[in-house]
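Numbering (numbering that gives the first Met the number 0), first residue to last: 0 to 115.
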Amino acid sequence: MTSIIADINDNRHVFKSSVDHFFSKINISKQLKSSNFYKKSGFSCTQILKELFALVFTGKNLYRSLLSDDALLTFRKNTAYRFLNSEHFNWEKLLYKVMSQLISEVDRLTGKDRES
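Spelled out as structure tokens, the structure:
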């Protein structure tokens, strides 16, 4: 039983570093700022978005994660819902900027002039 728990923790660590690498590669903090993602206090927008993003790929549900004592999320329910429902954040612009970067990266990797 101990090895299963250790494997789960190792997988979380590997996944967290993958998410961190992806977010740094697309320069998410710059994208958030240019899309009007600002908070006056508390957790940073980058941290909240990283944790919510990680939920999707770990097959977790926000509601269940908020109820559990698993410590996947470092913030509370109100923080998550305020972040997701803020009328000041320009989600469309953020998605456009991130997807533009992602498409250009994939295009670079699959283009005719790529290095083999």
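The beta-carbon is built from N, C-alpha and C at its ideal position, and this holds for glycine as well.
Can you give the beta carbon distance from Thr78 to Ile47, rounded, assuming they're within the 8 Å contact cut? 7 Å
Is it a yes or a no for the region 84-91 touching the region 57-66, going by three-plus beta-carbon pairs under 8 Å? no
To the nearest angstrom, report how far apart Arg107 and Leu31 are at their CA atoms. 24 Å
First through last residue of the alpha helix (DSSP H) which encompasses Asn57: The sequence given here has Thr at residue 57, not Asn. Looking at the DSSP string, Thr57 is not in any alpha helix (DSSP H), and its letter there is neither H nor E.
Return the CA-CA distance between Leu65 and Lys76, expressed in angstroms with no decimal places. 6 Å
Is DSSP giving Asp6 helix, strand or coil here? Any reading at Asp6 must be qualified, since the residue scores a pLDDT of 49, below 50, and its modelled position is unreliable; the value itself is stated next. Note: Asp6 maps to helix in three-state DSSP.
Could you compute how far the alpha carbon of Phe56 sits from the alpha carbon of Leu93? 19 Å
Residue range of the alpha helix (DSSP H) that Glu91 falls in? 90-109
For Lys29, name the three-state secondary structure that DSSP assigns. helix
Excluding the five sequence neighbours on either side, which residues of its own chain have a C-beta within less than 7 Å of the C-beta of Val18, listed in chain order? Lys49, Phe52, Ala53
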